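In what follows, a structure is listed as structure tokens, so that the remarks can point back to it.
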Amino acid sequence: MRFCFLDIETVLLKIDNNIVIEYLMDHKITKEMRTFNPHYARIICICLKFSDEQETKVFFNEDEIYLLNEFWNTIKLNTRDVVFVTHNGYGFDVPFINMRSFLNEIHIPFYLNLNKWKMDVSNHFDTMIFLSQGGIFTNMPLNLLAEMHDMSVKDTILGNEIDKCFNNREHDKIIEKCKNDVELLEKIFHKLCINYRKNKF
Numbered sequence: 472m473r474f475c476f477l478d479i480e481t482v483l484l485k486i487d488n489n490i491v492i493e494y495l496m497d498h499k500i501t502k503e504m505r506t507f508n509p510h511y512a513r514i515i516c517i518c519l520k521f522s523d524e525q526e527t528k529v530f531f532n533e534d535e536i537y538l539l540n541e542f543w544n545t546i547k548l549n550t551r552d553v554v555f556v557t558h559n560g561y562g563f564d565v566p567f568i569n570m571r572s573f574l575n576e577i578h579i580p581f582y583l584n585l586n587k588w589k590m591d592v593s594n595h596f597d598t599m600i601f602l603s604q605g606g607i608f609t610n611m612p613l614n615l616l617a618e619m620h621d622m623s624v625k626d627t628i629l630g631n632e633i634d635k636c637f638n639n640r641e642h643d644k645i646i647e648k649c650k651n652d653v654e655l656l657e658k659i660f661h662k663l664c665i666n667y668r669k670n671k672f
């Protein structure tokens, strides 16, 4: 069995429609909140790290349709005996990828499980759900988990700086953050979760 670690980065869509702008203001939907909603934001970076490969695959492109097609073409070739691992992938990464694909009329050739009650025996394992025991305990971000368990954490930009870096064309910083999150996710999974996941088979 192989594991594939996945993470995405998003930026805000440009909104010119006054009715939409007024709605966002009236409902106090902040820019930070919008980056987690696929109707108000888009994907600019996806990173994948397969457990049997040294290098992290990076998909970065300002053209989201091109990026998503590249991503799905890679996924399509790597679905056999693979469990995808995310951190909050049930609540963010995977549904966000799916919805942006739907909105861009891109065919989804392979579905990752989004039913957390079947996570133990599915093709998608979410470390956040596991480590919070389904929400019983407080969800912890990757960096904090790493610090708690004495793992080295690289100094990268914060999630709320992605949009600013993108507008300043500091794409390398965005890629570095996404890669770092995937590699950190792999370390956390192997240290805290892998024995539990393997015992389910």
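As numbered in the working numbering, residues 472 to 672 make up the sequence shown, in order.
All C-beta atoms in this analysis are idealised placements derived from N, C-alpha and C, irrespective of residue type, glycine included.
All values derive from a computational prediction rather than experimental measurement.
Run the CB neighbour count on Val653, radius 10 Å, all protein chains shown included, and call it buried at 16 or more, exposed below.
buried
For the structure I just gave you, are there three or more beta carbon pairs, one from the stretch 648–662 and one from the stretch 623–631, closer than 8 Å?
Output reads yes: the stretch 623–631 touches the stretch 648–662.
Let's test the definition: count the other Cβ atoms within 10 Å of the Cβ of Asn584 and tell me whether it reaches 16, buried, or not, exposed.
buried
Is it the case that the stretch 490–505 contacts the stretch 571–591, given that we only count it when at least three CB pairs across the two stretches are under 8 Å?
no
Just to confirm my understanding: we take Arg513, look at its own chain, exclude 5 residues before and 5 after, and list those with CB closer than 7 Å. What are they?
Thr481, Val482, Leu484, Glu535, Arg571
To the nearest angstrom, how far is it from the Cα of Phe672 to the Cα of Asn639?
Unreliable positioning characterises Phe672 in this predicted model, as indicated by a pLDDT of 46, which lies under 50. The coordinate reading is nonetheless provided below. Straight-line Cα distance between these residues: approximately 47 Å.
Are the C-beta of Asp523 and some C-beta of chain D separated by less than 9 Å?
Going by chain labels, chain D is absent from the structure shown, which holds only one protein chain.
Just the Cα atoms here: how many angstroms apart are Val592 and Lys502?
When rounded, the distance between both Cα atoms is 36 Å.
Contact between the stretch 510–526 and the stretch 472–481: three or more CB pairs below 8 Å?
Yes, the stretch 510–526 is in contact with the stretch 472–481.
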